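A short worksheet on the structure shown next.
Residue numbers (my numbering): 130 to 436.
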């Protein structure tokens, strides 16, 4: 895809199409921008648009430096663990000593330097060992990877598969924010793209133009217990609405048959079974139009008699 700019795109700052290509060349064919939906989540200033082909900064470019720093930090961790000890040995008159002898002694010392080796020293020599603290090394490494996750707008627990740290940390807040961001992208950016795509597809296939609504799949899959709880609450709601007369059994059956998340999805719906002539008529009482055979039916009054 190559942008094809007009004079107003590059010479008229007052134009609404300034630095916004009017045409694009794809496979040698020229297309107007009305044929496209541009999705630029990370735009750049106009002066930098030619460097980015009049789009924006890509996600790999945003996280490249952070990924490089994270990998360097993680790779240097084992090297730091192997070289964290610095041993110094005090030797008298090192300036006038034979440098070759010192090198031989150092080579022999490094060869024998482990828990199974033996090192001889003069009684007047002094040796000191300095250890580099590795207490916060893991936190330093994870901080770099968390910066990668932040640059990609993905929670670190989801991108890295790690458990959240801290007192009473569950990661639910980060997951909730991530789902909200994805829902915002779906409704504000991708839905327009799909609407435009299906509109052009209907025109291309000579189909009748109809209004299409986009329904997104849920971002979070509920567990079996959560699904059962949802169905229970939905059934309670339907029962309450049916008791008030707002809906009837046919409405509930149609809803269950059309709900893909329901256990009764796809069941047969025979509207003849719910015709008025097939419904039993309850005899009403003289008080409140309540069926006589119901729990709240007509009951005789109770009077207390004097003894």
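We put the beta carbon where it would ideally sit given N, CA and C, even for glycine.
Being a predicted model, the structure only gives us computed values, none of them experimental.
Fill in: Best match in 170, 362, 380, 305 for proximity to residue 347 [C-alpha to C-alpha]
305
Discussion item. According to DSSP, simplified to helix, strand and coil, what is residue 154?
Written reply: strand
Worksheet entry | Counted within 10 angstroms of its Cβ, other Cβ atoms place residue 396 as buried (16 or more) or exposed | exposed
Discussion item. If you reduce the DSSP assignment to three classes, tell me which class residue 365 lands in.
Written reply: helix
Discussion item. For a cutoff of 7 Å on Cβ pairs, would you count residue 348 as touching chain B?
Written reply: Of the protein chains in the structure, only one exists, and it is not chain B.
Discussion item. Please classify residue 178 as buried or exposed, where buried requires at least 16 neighbouring CB atoms within 10 angstroms.
Written reply: buried
Worksheet entry | Integer Cβ distance of residue 390 from residue 381, believed to fall under 8 Å | So it is not a contact: roughly 15 Å between Cβ atoms.
Worksheet entry | First and last residue of the uninterrupted alpha helix (DSSP H) at residue 256 | Careful: residue 256 lies outside any alpha helix (DSSP H), inside the beta strand (DSSP E) at 255-260.
Worksheet item: Terminal residues of the continuous alpha helix (DSSP H) containing residue 341?
Response: Where residue 341 is concerned, there is no enclosing alpha helix (DSSP H), given that its DSSP letter is neither H nor E.
Fill in: Rounded separation between residue 250 and residue 189 - CA only
56 Å
Item to complete: Determine which residues share a DSSP beta bridge with residue 395 and list them.
Response: BP columns for residue 395 are empty, so no partner.
Worksheet item: What do you reckon, are the CB atoms on residue 186 and residue 171 nearer than 7 Å?
Response: yes
Item to complete: Assign residue 415 to one of two classes, buried (16 or more other C-beta atoms within 10 Å of its C-beta) or exposed (fewer than that).
Response: In this predicted model, residue 415 has a pLDDT of only 45, less than 50, meaning its place in the structure is not dependable; the value taken from the coordinates is given anyway. Residue 415 is exposed by the Cβ-count criterion.
Discussion item. Can you tell me which residues form a DSSP beta bridge with residue 438?
Written reply: What the structure shows of the chain is the stretch from 130 to 436, and residue 438 is not part of that stretch, so it cannot be assessed.
Worksheet item: So does the stretch 153-168 actually touch the stretch 242-260, counting three or more Cβ pairs closer than 8 Å?
Response: no
Practice prompt. On the DSSP bridge assignment, give the partners of residue 442 in chain order.
Written response: Coverage of the chain is limited to positions 130 through 436, which leaves residue 442 absent and any answer about it impossible.
Item to complete: Taking the CB atoms as reference points, tell me whether residue 182 and residue 148 lie closer together than 7 Å.
Response: no
Worksheet item: Would the beta-carbon of residue 338 fall within 7 Å of that of residue 331?
Response: yes
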